[in-house]
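Using the numbering used here, the first residue of the sequence shown is number 2, and each one after it goes up by one.
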Amino acid sequence: MRILGLHFGHDAAAAVVVDGAVRSYVMRERHNRGKHAIGLTSRELDKSLGDAGLGWDEVDFVAVTSTQNVEMLLGLIDGFSLQYVHDESGPLAATMARLLRRDNISHEALLGTTSVYEAFRQHEAGDFSGQVYRSLLSEGPALDWASLKFQRSMEQFVILAEWANGEGLATIGRRSALRNEDLRRGFHYPIEVNWRGRTVPGAFVHHHAAHAASCFYWSGFENAAVLTHDGYAQGTGYGSGLFWYGEDGKLWPLWPHHLAIGGIYDYVAWKLGLGATGGAGKLMGLAPYGKPRFFRRRFVGNWFDNRAIFGDQAPAPAWWQHCVAEARRDAYDMTELAVIDKITAPINADIAASTQKLFEESYLHSVDTLRSVLENTGLYTRNICLSGGTALNCPSNTRVFNESAFTRVFVEPGCDDSGLAIGAAFFLEHNVLDRPCPAVRSADLPFLGVMHPKSDTDEALAAVADRVVSERPRDLVGSAAADLMADRVIAWYEGRSEVGPRALGHRSIFCDPRNAMNWERV
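Take a look at the structure:
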């Protein structure tokens, strides 16, 4: 079985999965040099197929996904088209297709908005969403948006009546979940992809179903609780994530958790001036410089817990205003707020520490809620898989391991959106087509990216031969250790590149940390 996985949202990527094993993975940002780049071009598709040793004519299925409410910019791929198709009985049969026919509703009603189009055509320059999408699509200003072909992503899938109720985490923790085939097959929709004169069947996979698949099928666990959550600002519904349960190669959605903490975290990072994209990691790094002086336990919970405090105001700006008001009351120096040159000043560091504390407590509460839902449903596991961008929060993950009821915690390397192309392919192969999962070698998991042959290295060295002296030491590790002891900076390049944002190992820069000046050198 040969599946091409495509993720069109931010951290866009293409991957080829053959019989459950990742054969190739190409992330767009690694080629266009734009961090968290959005959209795909023919280059990424050709590269992923070529690295897997396949042609387009050998692909059996295509699995597609995107970031929430981010349309698929099909016009960036020459001659590429994608259509949703109605299928109730074939191997790609989807619960939503049957429900739409029953209720006489078009699939168009399930499609999301056009966030990227609006960012370039309508949003003001200072708008958060506008800043995000402008920064992710470097060619955006030059595109003819009036004629660019796109397809909206499918955002609405199966919704149980019980899920529609606005409930806090404590109430959700008293619920039991259903586990049936309609739910299991309720988070994809059949598609057809036409490219270069050939039409290939496939499925559009819900964003958080792809997250759940990327972590569960990579974990090697026979069964596991799964929590997916990211920075999607809308905490209601399941746009920001769900509780899942995986067993014997199948994934069941259990309950939407309605968490808002990922969106709060991103928003605070933006307000502190740490960036509209990638700011969350900087906020996590800033937090240890401060104290959680603005944290109050009453804020711990999900979107609906927060509404009990903030009313109709969205949790993210409400939390920010709370922190700023507390800082003013306590006579902090407000002139240093969100000033990058003074980012470690008490006002900024304490807001970061307070937000980190809120994140950890809310996340732990949600993990405990997931355990309760499982037990209420008669399901027991000591394994948990975490995915979505929030699973990059190292202090929180440590507390889940040390303090929760789960004894084994798995976070896959591409737990942010960079892993969605692989997750969509996994979901299609194992949860839709019901094909068995192969054995997983976890030590190899990060190293799924591009590998250049020796000829490429030789060519690159030859191009700078007048400036660079090259040699091939017999004892590579020993030579590297000697260079470190001599206070030299080492660039390490080996094998295939890593998946995900924490690319540490095969593409690394090393230096001796005992020399304080080396931070600036690197």
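Heads up, the beta-carbon is just placed ideally off N, CA and C, and yes, glycines get one too.
Per DSSP, the unbroken alpha helix (DSSP H) holding Phe305 starts and ends at Trp304 to Phe311. Less than 8 Å divides the Cβ of Leu365 from the Cβ of Arg400. Between the stretch 378–397 and the stretch 315–324, the count of C-beta pairs closer than 8 Å stays below three; the two stretches do not touch. In the structure shown, Phe9 falls within a coil segment according to DSSP collapsed to helix, strand and coil. Within the stretch 164–245, the complete beta strand (DSSP E) runs of at least 3 residues fall at 189–196, 199–206 and 224–229.
DSSP links Ala281 through a beta bridge to no other residue. Excluding residues up to 5 positions away in sequence, Gly232, Ala281, Leu284, Thr356 and Phe360 lie with their Cβ nearer than 7 Å to the Cβ of Tyr266 in the same chain. Taken through DSSP and simplified to helix, strand or coil, Gly141 comes out as helix.
Linking Thr382 to Ala178 through their CA atoms gives a straight-line distance of about 15 Å. Leu477 counts as exposed, since fewer than 16 other C-beta atoms from the protein chains shown sit within 10 angstroms of its C-beta.
A straight line joining the alpha-carbon of Asp306 with that of His258 spans about 11 Å. Using a Cβ-Cβ distance cut-off of 8 Å, the stretch 463–470 and the stretch 236–248 are not in contact, since fewer than three pairs of beta carbons, one from each stretch, lie closer than that value. Sequence-distant Cβ neighbours of Asn349 in its own chain, meaning closer than 6 Å and more than five residues away, are Leu273.
Judged by their CB atoms, Gly21 and Ala64 are not nearer to each other than the 8 Å cut-off. Distance from the Cα of Asp183 is smallest, within the candidate group Ser90, Tyr290, Ile310 and Ala15, for Ser90. The three-state secondary structure of Thr399, taken from DSSP, is helix. Thr356 carries a helical assignment under DSSP once its states are collapsed to helix, strand and coil.
Asp417 has its alpha-carbon roughly 8 Å from the corresponding atom of Pro502. The beta carbon of His212 sits closer than 8 Å to the beta carbons of Thr229, Asp231, Gly242, Ser388, Gly389, Cys416, Gly420, Leu421 and Gly424 from its chain, once the five residues preceding and following it are set aside; these are given in chain order. Between Ser498 and Val451 a beta carbon distance of about 5 Å is seen, short of the 8 Å cut, so the two are scored as contacting. With at least 16 other beta carbons inside 10 angstroms of its own, Asp12 counts as buried. The continuous stretches of alpha helix (DSSP H) do not include Met2, and DSSP gives it neither H nor E.
A residue is called buried once 16 or more other Cβ atoms fall within 10 Å of its Cβ, and Asp435, having fewer, is exposed. With distances taken between CA atoms, Ala204 lies nearest to Asp88 out of Gly250, Asp88 and Trp253. Our two residues, Arg3 and Pro191, have alpha carbons roughly 17 Å apart in a direct line. Cβ neighbours of Leu149 within its own chain (closer than 6 Å, five residues either side excluded): Gly76.
Measuring C-alpha to C-alpha distances from Glu404 to each of Asp369, Thr378, Asn377 and Glu163 identifies Asp369 as the nearest. In this structure, Phe217 and Leu252 form a Cβ contact; the two beta carbons are roughly 6 Å apart against a cut-off of 8 Å. Counting other Cβ atoms within 10 Å of its Cβ, Gln69 reaches 16 or more and is therefore classed as buried. With respect to Leu111, Glu156 sits close: the two C-beta atoms are nearer than 8 Å.
Counting every other CB atom within 10 Å of its CB across the protein chains shown gives Met518 a total below 16, marking it as exposed. Between the alpha carbons of Pro289 and Trp520 lies a distance of about 19 Å. Between Phe402 and Lys358 a beta carbon distance of about 18 Å is seen, past the 8 Å cut, so the two are scored as non-contacting. Between Val117 and Leu74, the CB-CB gap stays under 8 Å. Separation of Leu93 and Asn105 (C-alpha to C-alpha, rounded to the nearest whole angstrom) is 20 Å. In this structure, the beta-carbon distance from Val500 to Ile510 does not fall below 8 Å.
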